[in-house]
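Each residue of the sequence shown is one higher than the one before, starting from 434 at the first, in our numbering. All residues carry an ideal CB built from backbone N, CA and C; glycine is no exception. Notes for the one structure printed next.
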Amino acid sequence: MRARPAEPAGAGPAAWVTSAGGTVHHAILPRRGLLQAVASLIVDRHRHLLPDLSSVTVVLPGVQAASEFARMLVAESRCAALTLPTITTFGQLAEAQPVPHALISDVRRQLTLFSILRDQAFLDPGLLWQATGELSRLMDELSRHRIGLAPTLEAFTEKLARYYGMQVGRTVQFEARVAFEAWRHLAGEPDAAFIYSAGLSRAAECAQGELWVLDSAELLPVEQEFIGKWNARQPVRVIRGVTGMSDDARDAVLHSAWSADRRDSLKVRAARLHDRTAMESPVRSIALCGTPSLEAQAGTADLRIRHWLAQGTQRIAIVAFDRVAARRLRALLERAGVLVQDETGWTLSTVAASTVIARWLDCVTGDFHHRDLLDLTKSPYLFTDWPERTRKAAIVEIERGVRSRNLVSGLQGLRGALGGGSTGLPGEQAVSRLLDAVRSWPAGRRSAGKWLDALERTLETLGVRAGLAQDAAGRQVLDRLQSLRDAVEGDKVLLSLAEWRQWLDTAFESALFRDRDIRSPVIITHLGAARGRVFEAVLLLGADVTRLPAAETTGLFLNDNVRSELGLPTSRQRRRVLLDDLEALVADAGDVFAVWQSEDAGEPVPMSPWLELLDTLHEEVFGGRLIDDRWFRRWLRDSHAVPDVSEVPVRTRAPAPVAGIAATHFVSVSAYGALIACPYRYFAAELLRLQDLEALREDLEKREYGELVHRILDRFHRRFPLMAAEDGPRLQQELESITGDVFAEAAHRDPLARAWERKWRKHIPAYLQFQREREDAGWRWADSEVRRAADIALDDGGTVRLHGRIDRIDERRDGDVRRHTAVLDYKTRARKSLQDALKAGSDVQLACYAILEPDATHAAYVCIDDREVVELPLTEEAGAAARLEIERLRRVFTDVRAGVPLPANGDESACRYCEMRGLCRKDHWNDP
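Okay, structure coming up:
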């Protein structure tokens, strides 16, 4: 081995300490200004090498600090051109080394581990992927900390029982067996942890110059070994930054609150701090602010950041502990024209580009349930190989087809609703492409690679790949799919669709989307990435007791006691690292503003215990707290400002809009009924077209029950237009059979349809009796479900076309001469409500049907909701009722076209279930 060269003289102002038994030099420097101090030390120590520092290697705690540290080195060197040192991290250094082993990807290792757990039947199937993830991370930790479990399962079980302080029982045996099996199968594999260790070892063997390790968190054993190996060839200097080494008020308060010996009480630490004579003024650059709501939190943070920018602040960090608040804050800043550079990113599973894949898989596993299907079709990434106009037309046609036929699930029914392959319209073409994708989708168990291949074919078939390739997030989704495909190349573990779906969801959850095109002075980051960096201002967002620190979820394996005994980091140690990161960030920052939501569902939410400790100590020393709500009060004032109170109405009034000539030339019977019941409802629903597409009914409702009865009677009478010639029992049998067929279709999606079926079957004898009596009176069924229209001339020279569907038309003849025609409307409502509507004269339906059937002499409802099926006729002859209704319709539409207001004046029966009630605000007309 080559001898390590002697150190040049002049180690700088740092107090270097040589490690026991070695020659690694350690130094502790003030946390504040640490990067600058180290840059100065490196330049001073290696001034004889200037302007070429390429032989020096500097390991930083995070890659994000590299560019800033490089600028500091250039400034300290005062060289016109400087060849920089290798500025890197432990991870980058390991990855840069050629390692003579093929890496077993984390993805393949997880699949192997999943297969082991599934085959051994250790766990409930629903916990397999969770256990796989936990065990995979546990194996990584054991490898990086150089920890082995035990030579045999029995020995490890005994050890685990000792750690738990309990006898060997089923619980300990189960946990020991699962962990040991995972360790036995994976130990020694060239996984990421193995490559990390081998890479660092290789880097140390190639050491060419001095190594500086700067302010890293607690070093792993493999990192300590790397330092030792490097030091055998070249000098190594390890520098750690701490607070409490200066008389700066902030530095002293941070050290006393977060780093000082915790065996001393807070009062003792405060008294010791107070005795330092330099501590004369409070810390004015740290502010804590609680706000009562999410919106207040985001708004206050937005105001504070924009004020920093207005002052010329150029490096602002948002450390987001609350991701929901971060989304809202980012929206507010972008609304104000402030772009945000997000280093934390969003999990790929939450971006729209990945949800199109999730919706496709939902459709495949859920037989294209209408909600999943409509979500899929409305994705902007679907059918992007079509012109936008065609794509939108397909979406509209599919939604109309689904809702008009009440198709809860299934593609074949939708295809039939859209024409069955005969129209060639966009909606039908879209369904054909979906069916093609379904036909090529595999069944049974497949390897992860085969499932990914099937997904790739689907993305091509549905025109999704082209859309994803045009979008930044979409490209990262495609990249993630490609990396997964590469990682599982050759893997043979077979997965069901459900198992593969869980695996894919986990893969998207573990990957982040970052918009790499944004560069901004405002950065969203996390504590780990902020270590070693200097910001002019820092905003801690969501710094409450539940998030800083966040509670750790309890895993399936190895509690903290066992982890401690094994030599693995415990939750307490992880929190200590997090607090150290927070201390490093706050110590080296300019202004610090912490904000959180102090109330949730009426319950108080305290600030972070770490911030509370800092605040309490500050109050003990200086007599004043760090709480500062000025920015919240300013936001509150601005958000509640009313520019012109004279514009604010004092009372909500009933609306009365004017339609004028814009009134439609076509009106259905039901829309005309709405106009008579409440003109404003007609205006909003028909003229403004504000009514929603008809909602699907997964549970059979009474309205659909009525539609099914209509369908049953239409089939029955077309088969038996005259009952007198048929045998009574046969007629009942046939009607029962038709009933079973029709309700079977409804029961396919809603088992409760059988209850409605039983209700109808009770009416069958009464209906047959009603029909016999009607035929005895000379009436004969002529037609049913008949669509008709009639043009009505208006006084202003215009026309309105009235259209509707008549449930049934009967005829009565004298010999061969037609004498009378009746229009009938089936109703499953209670008899009394129908009688009341007929008496009041507010019901226009029968009169309108008489208009649509000009020969009608009779019009009646057929009430099927009571024990007896009865006829409830109009109180006047049908022709006369039609003539009166034509006059009213002509007068009403002439007035509407002439600009007569359409007031919201419906009675309570019309308003009770009106979908426009929130729009007319009837409930607030009498508010003061």
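Sub-9 Å separation of residue i and residue j beta-carbons
i            : j            : result
residue 500  : residue 774  : no
residue 1235 : residue 1281 : yes
residue 1353 : residue 1115 : no
residue 1065 : residue 798  : no
residue 648  : residue 493  : yes
residue 683  : residue 966  : no
residue 835  : residue 815  : no
residue 1264 : residue 1298 : yes
residue 1364 : residue 659  : Absent from the model: residue 1364. The displayed extent of the chain is 434 to 1361, so no value can be given.
residue 944  : residue 538  : no
residue 984  : residue 750  : no
residue 951  : residue 762  : no
Simplified DSSP state of residue i, which is helix, strand or coil
i            : result
residue 770  : coil
residue 874  : coil
residue 1030 : strand
residue 732  : helix
residue 820  : coil
residue 1247 : strand
residue 1143 : helix
residue 1296 : strand
residue 1349 : coil
residue 629  : helix
residue 969  : coil
residue 1263 : coil
residue 1358 : coil
residue 1073 : coil
residue 1036 : strand
residue 710  : Summary for residue 710: the model assigns pLDDT 44, below 50, so the residue's position carries little reliability, and this model does not support an answer.
residue 859  : helix
residue 519  : strand
residue 1253 : strand
residue 1291 : strand
residue 1118 : helix
residue 753  : strand
residue 1306 : strand
residue 639  : coil
residue 1208 : helix
Residue i burial status per 10 Å Cβ neighbour count (16 or more: buried)
i            : result
residue 558  : exposed
residue 1347 : buried
residue 1279 : buried
residue 977  : buried
residue 964  : buried
residue 516  : exposed
residue 518  : buried
residue 1016 : buried
residue 800  : exposed
residue 664  : buried
residue 454  : Because residue 454 carries a pLDDT of 47, less than 50, the predicted location of this residue cannot be relied on, and no value is offered for it.
residue 839  : buried
residue 932  : buried
residue 529  : exposed
residue 1032 : exposed
residue 925  : exposed
residue 540  : buried
residue 862  : buried
Assumed close pair residue i, residue j - CB separation to whole angstroms, cut-off 8 Å
i           : j            : result
residue 860 : residue 851  : 5 Å
residue 766 : residue 1067 : Going by Cβ atoms, the distance from residue 766 to residue 1067 rounds to 16 Å, so no, they are not a contact pair.
residue 818 : residue 792  : 18 Å between Cβ atoms; not a contact.
residue 568 : residue 544  : That pair is no contact at about 13 Å.
residue 692 : residue 677  : 6 Å
Interface flag, residue i vs chain D, CB-CB below 9 Å
i            : result
residue 1024 : No chain D is part of this structure, which consists of one protein chain only.
Near the ligand FAD: residue i beta-carbon under 8 Å from a heavy atom
i           : result
residue 697 : Here there are no bound small molecules, and the ligand FAD is not part of this structure.
_Could you tell me which whole alpha helix (DSSP H) segments of length 4 or greater appear in the segment 642-696?_
Counting whole runs of 4 or more residues, the segment 642-696 contains the alpha helix (DSSP H) stretches 654-664, 682-687.
_What ranges does the beta strand (DSSP E) occupy inside the segment 453-506, keeping only unbroken runs of at least 3 residues that lie completely in it?_
Taking only runs of at least 3 residues, the beta strand (DSSP E) segments lying wholly in the segment 453-506 are 458-463, 490-492.
_beta strand (DSSP E) runs contained entirely in the segment 940-967, provided each spans 3 or more residues_ = Fully enclosed beta strand (DSSP E) runs of 3 or longer: 955-958.
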